[in-house]
Ligand code: SF4
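Chains as they are written, first to last, in this note's numbering: chain A, 2 to 176; chain B, 404 to 584.
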């Protein structure tokens, strides 16, 4: 995994606890890097499991799960995008199947996947094109650190670390 | 969310507003005979929308054997069918298709609303429901409701008996004995 990511400016790479999260690696990326990383994973024979978004206080966290049949290494790519301009490049040109996942994510959260060849509603009806049912109310929305665990960090930049900072402090004080 | 208005105007779809040629031989006896024939050879449409459809398939298979009651020929085309079994969840996106299929069926035609979803939205009738039509009878006229989630095949068969009674005015099959214990 780490060799794969060579040459890609990641925001944060961390090992995950397989038992509690079901994944081996978690990689935070900037939106601009997602296509490149997806291509690398494609070349390394990873398959795309799903694409979806989380509505959190910091913005939208778009998640991509990748898996590989001959190695037990489930990877999640995480891209944090802002609410004001929820736009992210599409990876449908690399993984054809991503097209529908992206359409579904657009239906539910209003994330705009730039370059998706057919970004029309998949599950919602056409009249509801501007209605995104999975957007949360302010009361229900949570912070990223309440939902996710950073795991065993390999490399990480300041911003991502800051997002998780408090949670880790709490864990430390519990111990 | 507010209750969903129907996609197509209701008046267009009620049984009464459909145009049907008057019968060639309009004698009551002939009509009664024809009605019996119709009720004993109901052709349902091959059309399932969710989990209830599994139970509908079971009803058609050997164990419950709907063929015993004259309704086993599931037709793949609405133009050959005279019963629509709405078996499952009707979503907003599916609604226009359901309505179109209903309109494509030649008269006389009947609709069985199978399962809680089709009757009222069932488990999806919640405050945050955004995509499920709460009751297929807001779209098309329904003759028989078969409640359950999903209804057992016996339930669907009972629905068919009810439909046969609607058509002919008579229940044709013995009532199952009550099981004690
Ligand atoms: S009524 Fe129950 S079994 Fe039938 S379609 Fe709805 S959820 Fe499924």
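Every residue, glycine too, gets a C-beta built ideally from N, C-alpha and C.
Keep in mind that this is a model prediction, so the values were computed, not measured.
Problem set entry | Neighbour list for residue 124/A in chain B, Cβ cutoff strictly below 9 Å | Position 123 of the first chain, counted from the start, is the residue given in the question as residue 124/A. Near residue 124/A (Cβ distances below 9 Å), the residues of chain B are 494, 496, 534.
Exercise. Skipping 5 residues on each side, what residues in its chain have a beta carbon closer than 8 Å to that of residue 491/B?
Worked result: Walking along the second chain from the start, residue 491/B turns up at place 88. Same-chain partners within the cutoff: 451, 452, 453, 454, 455, 456, 517, 518, 520, 521.
Problem set entry | Endpoints, beta strand (DSSP E) assigned at residue 60/A | By one-based count along the first chain, residue 60/A stands at place 59. Element bounds for residue 60/A: 60 to 68.
For this session: Let me know if residue 481/B comes out buried or exposed under the rule of 16 or more other beta-carbons within 10 Å of its beta-carbon.
Result: On the second chain, position 78 is the one that residue 481/B refers to. Of the residues assessed, residue 481/B falls on the buried side of the cut-off, its CB having 16 or more other CB atoms within 10 angstroms.
Exercise. Counting along the chain, where does the beta strand (DSSP E) carrying residue 158/A start and finish?
Worked result: Translated into positions along the first chain, residue 158/A becomes position 157. Taken as a continuous stretch (DSSP letters only), residue 158/A belongs to no beta strand (DSSP E), as it is neither H nor E.
Exercise. Among residues of its own chain, excluding the 5 on either side of residue 504/B, which ones have a beta-carbon nearer than 6 Å to its beta-carbon?
Worked result: For the purposes of this step, residue 504/B is taken as the residue at position 101 of the second chain. Apart from the 5 residues on each side of it in sequence, residue 504/B sits with its Cβ closer than 6 Å to the Cβ of 481 in its chain, given in chain order.
Exercise. For the ligand SF4, is there a heavy atom less than 6 Å away from the beta-carbon of residue 453/B?
Worked result: Residue 453/B sits at position 50 when you count from the first residue of the second chain. Because some heavy atom of the ligand SF4 lies under 6 Å away, the Cβ of residue 453/B counts as near it: yes.
For this session: Would you mind sorting residue 119/A into buried or exposed? The rule is 16 or more other CB atoms within 10 Å of its CB.
Result: As a working note, residue 119/A is residue 118 in the first chain. So residue 119/A counts as exposed.
Problem set entry | Cβ-heavy atom distance, residue 462/B to the ligand SF4, below 6 Å | Counting from 1 along the second chain, the entry for residue 462/B is found at position 59. Closer than 6 Å to some heavy atom of the ligand SF4: that does not describe the Cβ of residue 462/B.
For this session: Consider the Cβ of residue 10/A: report whether some Cβ of chain B lies at a distance smaller than 7 Å.
Result: As a position in the first chain, residue 10/A is number 9, starting the count at 1. At a cut-off of 7 Å between beta-carbon atoms, residue 10/A makes no contact with chain B.
Problem set entry | Near the ligand SF4: residue 532/B beta-carbon under 6 Å from a heavy atom | One-based indexing of the second chain puts residue 532/B at position 129. For residue 532/B, the shortest separation between its Cβ and any heavy atom of the ligand SF4 does not lie below 6 Å.
Problem set entry | Endpoints, the alpha helix (DSSP H) within which residue 459/B is located | Taking the second chain and counting its residues from 1, one reaches residue 459/B at position 56. Run containing residue 459/B: 455 to 463, per the alpha helix (DSSP H) assignment.
For this session: Report the rounded CA-to-CA distance for residue 81/A versus residue 530/B, giving the unit in angstroms.
Result: Against the first chain, residue 81/A aligns to sequence position 80. Against the second chain, residue 530/B aligns to sequence position 127. Cα to Cα, residue 81/A sits roughly 30 Å from residue 530/B.
For this session: Tell whether a beta-carbon distance below 7 Å holds between residue 39/A and residue 92/A.
Result: For the purposes of this step, residue 39/A is taken as residue 38 along the first chain, with counting starting at 1. For the purposes of this step, residue 92/A is taken as residue 91 along the first chain, with counting starting at 1. A contact, by the Cβ cut-off of 7 Å.
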